[in-house]
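Visitor:
Residue numbers (the numbering used here), protein chains in the order written: chain A, 41 to 368; chain B, 41 to 368.
#1: In chain order, which continuous runs of the beta strand (DSSP E) of length 3 or greater are located wholly inside the region 285-309 of chain B?
#2: Between residue 157/B and residue 124/B, how many whole angstroms is the CB-CB distance? I'm expecting something under 8 Å.
#3: Strictly below 7 Å CB to CB, what residues from chain B border residue 50/A?
#4: Take residue 73/B and list the residues in its own chain whose beta-carbon comes closer than 6 Å to its own, dropping the five residues that flank it on each side.
#5: Assign residue 42/A to buried or exposed, taking buried as 16 or more other Cβ atoms, counted over all protein chains shown, within 10 Å of its Cβ.
#6: Which residues bound the beta strand (DSSP E) around residue 45/A?
#7: Ignore the nearest five residues each way along the sequence and tell me which others in residue 113/B's own chain have a CB closer than 8 Å to its CB.
#8: Is the beta carbon of residue 305/B sitting closer than 8 Å to the one on residue 58/A?
#9: Mind listing the chain B neighbours of residue 104/A? Cutoff is C-beta to C-beta under 9 Å, in chain order.
#10: Of all the CB atoms in chain A, is at least one closer than 8 Å to the CB of residue 189/B?
#11: To test your reading of the DSSP string, which unbroken alpha helix (DSSP H) runs of 4 or more residues are found completely within the region 126-174 of chain A?
#12: Could you work out which residue in 263/B, 295/B, 316/B is closest to residue 288/B when comparing CA atoms only?
#13: Does any residue of chain D bring its CB to less than 8 Å from the CB of residue 54/B?
#14: In the DSSP assignment, the beta strand (DSSP E) including residue 67/A goes from what residue to what residue?
#15: Report the residue ranges of all alpha helix (DSSP H) runs contained in full by the region 215-277 of chain B; include only those spanning at least 4 residues, in chain order.
#16: Quick one: give me the first and last residue of the beta strand (DSSP E) that residue 186/B is part of.
#17: Could you name the residues of chain B that residue 195/A contacts, counting a contact when the two beta carbons are closer than 8 Å?
#18: With DSSP collapsed to three states, give me the class of residue 112/B.
#19: Taking the alpha carbon of residue 275/A as the point to measure from, which residue in 179/A, 338/A, 255/A, 140/A has its own alpha carbon closest?
#20: Using a C-beta cutoff of 8 Å, does residue 212/A count as contacting chain B?
#21: Give me the Cα-Cα distance between residue 61/A and residue 180/B, rounded to the nearest whole angstrom.
#22: Would a check of beta-carbon distances place residue 136/B closer than 8 Å to chain A?
#23: Pop quiz: residue 44/B and residue 102/B are said to be a contact at Cβ under 8 Å. What is the actual Cβ separation, rounded to whole angstroms?
#24: Can you tell me where the beta strand (DSSP E) holding residue 354/B begins and where it ends?
#25: Please classify residue 383/B: does DSSP put it in a helix, a strand, or coil?
#26: Give me the chain B residues within the contact set of residue 241/A, using Cβ-Cβ distance strictly less than 8 Å, ordered along the chain.
#27: At least one CB of chain A closer than 8 Å to the CB of residue 179/B: is that the case?
Right under this line is the structure:
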């Protein structure tokens, strides 16, 4: 019997989850819930109903895991504790500073209702977090480095769009190659913000806009750009659509450390991602953790979990004997 | 209170474990067991006793986890089931084909005696296995690639040393850079053995030995060298000692895969290691899993486990709340 999955929220991430389910033969999409008018939402999978979110609780017996695809700013802090009352849930809550509070809220309700909620799943937080943790556990005497990109930062793109005279924009975060090389050499460098990443902006200006003013406003924007070397390109709307409509991302987690009685030996552990589609990859991670939520719930576990609490075998389609034979 | 560790077998790996314990403030080395005459074994840590292996069972109340540092060919198949009778144990059993049998043997005895045995810990099997598994769980529609090196292969070095006229030798396994690049490009290449790795040999010949014959015997040796492009350098004993006395290793695990409704997006997950000392890194992984064995045993778990069965948080010094705040 398949694992029956529900999706709550049908944007880029929800659509990515729908695609990932198609690639996992032990799973089945059984319902999509939306805050919009359900009749206005067309999904890719045939013969799967779209419901209003209000109907979700009434479907609880038909769904093994509900995947919450809302945003971290205002949706998930409310939705995850709310829906874990009725469902095993997985979310991608990514406001790092508020994770302890979110964890506590979800844990309480999940335990009271005998469900599992796996939070902060994706690649950062998510696979990058796991890489940082394994690296630290193995090389206790060492240093951590995380680089992001090359990829589109939605937050920075939005910040540019809010500038007067800007019609549309896309911002790429780019790791500095020489900084990566210095880390890999084991020289244990320390970096300023400027030395680790650069920012490249593609901006569509309104007709007659003051381009030098826009460029200056971008480059001096506090926190978003002022601490970085930023390049601004003004392009046409057609060019933006043609060359910059993808949502690629990626990055690098590197742990360097020393071993030996006198710390005489250096080691470098590197984990990297190169992703054509940030939301589809995030969704693929989430779907693997939905499988884990299902298996762990079947074993009687309850409460809030993060990627740190999930043994790798739970993520997999195969049983444990097959995993040992195939991957170990 | 510290986690009390015992080491059984004091070669390169045992010494690496001893060094790793020094870097982990929650652990303490309490005993080393050897098959040699204990008086002949000098260890690095002060005031820690060296015993004969025969005395191990009598020390079971003093040791939380016993780390087995013997070889996979003949030692561990006997030792791991034997010592898991009295101890929680961790081993680095690396004969991939015999892991299912080893698992079954250890699992039975471990469960009968209420202990935990974590087997096949290190980097391959070990961290590379975990990377393969996470990669497969996330990108179900994709391909796996593992490359080893640049590093010293003990087995290949030994094979060269057995050739008539060879005094000493060191063999490096080297991944082919263009093959790595092809994989990273997402082109999903298929390789012959020859296309993935080359082998480089540094050989000290006996005086008056027939060098062309030795070189030919190496290059045509079945399984070890005949399927590879192999380079042979004859050097002096001094050069071997000066330039090739280290035990570096490393490698790359790459998972490429597609997502999207029509498989239109490519993704590359890459995990790599660059290690100055193969045994010290392996030991560092083992020591982290010794911590996991200790914590899991405290929670009442028993039986044989692999890296697939251990949730990442068990490996760490920090408690779960601190882990979430720091690494997630």
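Beta carbons: idealized from backbone N, C-alpha and C, even for Gly.
None of the values given here were measured: they were computed from a predicted structure.
Guide: Short version:
#1: Counting whole runs of 3 or more residues, the region 285-309 of chain B contains the beta strand (DSSP E) stretches 289-299.
#2: Mapped onto the second chain, residue 157/B falls at position 117. Mapped onto the second chain, residue 124/B falls at position 84. Contact flag correct, Cβ pair sits at about 4 Å.
#3: For the purposes of this step, residue 50/A is taken as the residue at position 10 of the first chain. Neighbours of residue 50/A on chain B: none; closest Cβ ~14 Å, over 7 Å.
#4: In the second chain, residue 73/B corresponds to position 33, counting from 1. In chain order, 48, 91, 93, 96 place their CB closer than 6 Å to the CB of residue 73/B, counting only its own chain and leaving out the 5 sequence neighbours on each side.
#5: Along the first chain, one-based indexing puts residue 42/A at 2. The residue is exposed, with fewer than 16 neighbouring Cβ atoms inside 10 Å.
#6: On the first chain, residue 45/A is found 5 positions in, with the first residue counted as 1. Note, residue 45/A: beta strand (DSSP E), 43-48.
#7: Position 73 of the second chain, counting from 1, holds the residue named residue 113/B. Correct list, in chain order: 135.
#8: In the second chain, residue 305/B corresponds to position 265, counting from 1. In the first chain, residue 58/A corresponds to position 18, counting from 1. No, the Cβ-Cβ distance between residue 305/B and residue 58/A is not below 8 Å.
#9: Here residue 104/A corresponds to residue number 64 of the first chain, with the count starting at 1. Result: empty, since nearest Cβ-Cβ is about 17 Å, beyond 9 Å.
#10: Translated into the one-based positions of the second chain, residue 189/B becomes position 149. No, residue 189/B lies away from the interface with chain A (no Cβ there is under 8 Å from its Cβ).
#11: For secondary structure counted as the alpha helix (DSSP H) over 4 or more consecutive residues, the region 126-174 of chain A holds these complete runs in sequence order: 139-153.
#12: For the purposes of this step, residue 288/B is identified with residue 248 of the second chain, where counting begins at 1. The residue among 263/B, 295/B, 316/B with its C-alpha nearest the C-alpha of residue 288/B is 316/B.
#13: Looking at the structure shown, chain D is missing, and the protein chains on hand are A and B.
#14: In the first chain, residue 67/A corresponds to position 27, counting from 1. First-last of the beta strand (DSSP E) with residue 67/A: 67-74.
#15: Listed in chain order, the complete alpha helix (DSSP H) runs (minimum 4 residues) inside the region 215-277 of chain B are 217-224, 233-236, 251-259.
#16: As a working note, residue 186/B is residue 146 in the second chain. Unbroken beta strand (DSSP E) run through residue 186/B: 182-188.
#17: Along the first chain, read from residue 1 onward, the residue named residue 195/A stands at position 155. Ordered by position in chain B, no residue passes the 8 Å Cβ test against residue 195/A, which lies about 19 Å from the chain.
#18: Sequence index remark: in the second chain, residue 112/B carries index 72 (1-based). Reduced to three states, the DSSP call for residue 112/B is coil.
#19: Taking the first residue of the first chain as 1, we reach residue 275/A at position 235. Taking the Cα of residue 275/A as reference, the smallest distance to any Cα among 179/A, 338/A, 255/A, 140/A is reached at 255/A.
#20: Mapped onto the first chain, residue 212/A falls at position 172. Chain B, which has no Cβ nearer than 8 Å to the Cβ of residue 212/A, makes this no.
#21: Counting from 1 along the first chain, the entry for residue 61/A is found at position 21. Counting from 1 along the second chain, the entry for residue 180/B is found at position 140. Using only the alpha carbons, I get a separation of about 10 Å.
#22: Your numbering for residue 136/B matches position 96 in the second chain. So, interface residue.
#23: Start at 1 with the first residue of the second chain, and residue 44/B comes out as number 4. Start at 1 with the first residue of the second chain, and residue 102/B comes out as number 62. Contact flag correct, Cβ pair sits at about 6 Å.
#24: Against the second chain, residue 354/B aligns to sequence position 314. Here residue 354/B belongs to no beta strand (DSSP E), and DSSP marks it neither H nor E.
#25: This structure does not reach residue 383/B, given that chain B is present from 41 up to 368, and the question cannot be answered.
#26: In the first chain, counting from the first residue as 1, residue 241/A sits at position 201. Here the premise fails: no neighbours, minimum Cβ distance about 24 Å.
#27: Here residue 179/B refers to the residue found at position 139 of the second chain. Yes, residue 179/B counts as interfacial toward chain A.
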